[in-house]
Amino acid sequence: MSSSDREQRHQNRMQRKKTVVDAAIARADRHQGLLLVLTGNGKGKSSSAFGMAARALGHDMKVGVAQFIKGCSNTGEEGFFRRQPGVVWHVLGEGFTWETQNLARDTATAQHGWSIAQTMLHDASLGLVILDELTYPLKYGWLKIESVLADLQARPPMQHVVITGRAAPEALCEAADTVTELRDVKHAFRAGVQAQKGIDL
Ligand code: ATP
Ligand code: MG
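Following this note's numbering, the numbering of the sequence shown begins with 1395 at its first residue and continues without gaps.
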């Protein structure tokens, strides 16, 4: 095949692709607040959520963050985002359940945390709300999935919500608009490498 034939074939293929892509873009003509779930065992759930926080701030939107598991945290993202105007940041957990080992306290902590999340889900000035590690209180039954879903459903129509954490309940994934499962292929921790600043925290 001559090089001009190859060029022509490439152009035809790209033209067909463009027709398909343009039609898909034309079909997606609505604006609405989205519910996103980032789940699975692979690394990248919380850091993806905070990437969206950066995007939203770049558009002058206000962002609310609630972290459900971490008790005190001094992650890079917390340090960075707390300095930004337009960010509300709540640390609502007391650490992992295998650290606290107290069911009644874990339940009370999660329920207090959810009351703070509810105030954000009522605040239409927040364009994006991140509920980081919310799947754990749901998985352990400290929060009722039905009431969490009802509060999510009743949020302002243009507000986006991102929920992260492993083992997202089925009902949450069904209610969500976008669900991504991150798959663990390999993680340096298993080769004995500690959590690294800038990468893991
Ligand atoms: P990140 O905050 O890096 O996006 P994540 O939110 O997907 O990670 P979590 O389950 O919340 O993951 O775990 C938080 C911490 O555990 C991070 O330091 C992360 O690098 C690390 N981590 C994530 N996935 C794994 C894994 N499969 N094995 C070991 N450590 C992991
Ligand atoms: Mg996380």
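Glycine included, every Cβ here is placed at the ideal spot set by N, Cα and C.
So if DSSP puts residue i in a beta bridge, which residue, or which two residues, is it bridged to?
i       : result
Trp1483 : Val1459
Val1556 : Leu1430 and Ile1524
Glu1575 : Thr1433
Cβ-heavy atom distance between residue i and the ligand MG below 8 Å?
i       : result
Val1439 : Before going further, note that residue 1439 is Lys rather than Val in the sequence given. True, at least one ligand heavy atom lies under 8 Å from that Cβ.
Thr1574 : no
Gly1445 : no
His1558 : It should be pointed out that residue 1558 corresponds to Thr in this sequence rather than to His. Yes, the Cβ of Thr1558 comes within 8 Å of a heavy atom of the ligand MG.
For residue i and residue j, I'd like the C-alpha separation in whole angstroms.
i       : j       : result
Phe1474 : Glu1540 : 34 Å
Lys1456 : Ala1443 : 14 Å
Tyr1534 : Leu1451 : 33 Å
Leu1432 : Asp1500 : 23 Å
Gln1405 : Arg1421 : 24 Å
Thr1494 : Gly1507 : 16 Å
Gln1553 : Arg1400 : 48 Å
Pro1479 : Arg1403 : 52 Å
Asp1363 : Val1415 : Any answer about residue 1363 is impossible in this case: the structure gives the chain only from 1395 up to 1595.
Ala1447 : Leu1515 : 16 Å
Gln1461 : His1453 : 23 Å
Ser1440 : Leu1576 : 11 Å
Phe1583 : Glu1471 : 20 Å
His1381 : Val1587 : As displayed, the chain neither begins before 1395 nor continues past 1595, which places residue 1381 out of reach and without an answer.
Val1459 : Ala1418 : 32 Å
Thr1503 : Thr1529 : 14 Å
Pro1563 : Trp1483 : 25 Å
Gly1559 : Asn1435 : 9 Å
Leu1546 : Gly1521 : 14 Å
Arg1477 : Leu1497 : 34 Å
Ile1669 : Ala1589 : Outside the displayed range of the chain (1395 to 1595) lies residue 1669, so it cannot be described from this structure.
Pro1531 : Leu1525 : 11 Å
Arg1407 : Ser1396 : 17 Å
Ser1398 : Gln1409 : 16 Å
Gly1592 : Ala1565 : 33 Å
Gln1512 : Ala1585 : 40 Å
Please determine whether the Cβ atom of residue i lies at a distance below 8 Å from any heavy atom of the ligand ATP.
i       : result
Ile1664 : There is simply no residue 1664 to check, as the chain begins at 1395 and stops at 1595 in what is shown.
Thr1527 : Just to set this straight, residue 1527 is Glu in the shown sequence, not Thr. Yes, Cβ of Glu1527 sits closer than 8 Å to a heavy atom of the ligand ATP.
Asn1435 : yes
Thr1503 : no
Ala1562 : no
Looking at the unbroken alpha helix (DSSP H) that takes in residue i, where does it start and where does it end?
i       : result
Ile1593 : Segment: none, Ile1593 is in no alpha helix (DSSP H) and carries neither H nor E.
His1506 : Leu1497 to Leu1515
Arg1584 : Run containing Arg1584: none; DSSP gives neither H nor E here.
Glu1401 : Ser1397 to Arg1421
Asp1545 : Ile1539 to Gln1547
Let me check you understand the geometry: is the CB of residue i closer than 8 Å to at least one non-hydrogen atom of the ligand PLP?
i       : result
His1484 : The ligand PLP is absent from the structure shown, which contains only the ligand ATP and the ligand MG.
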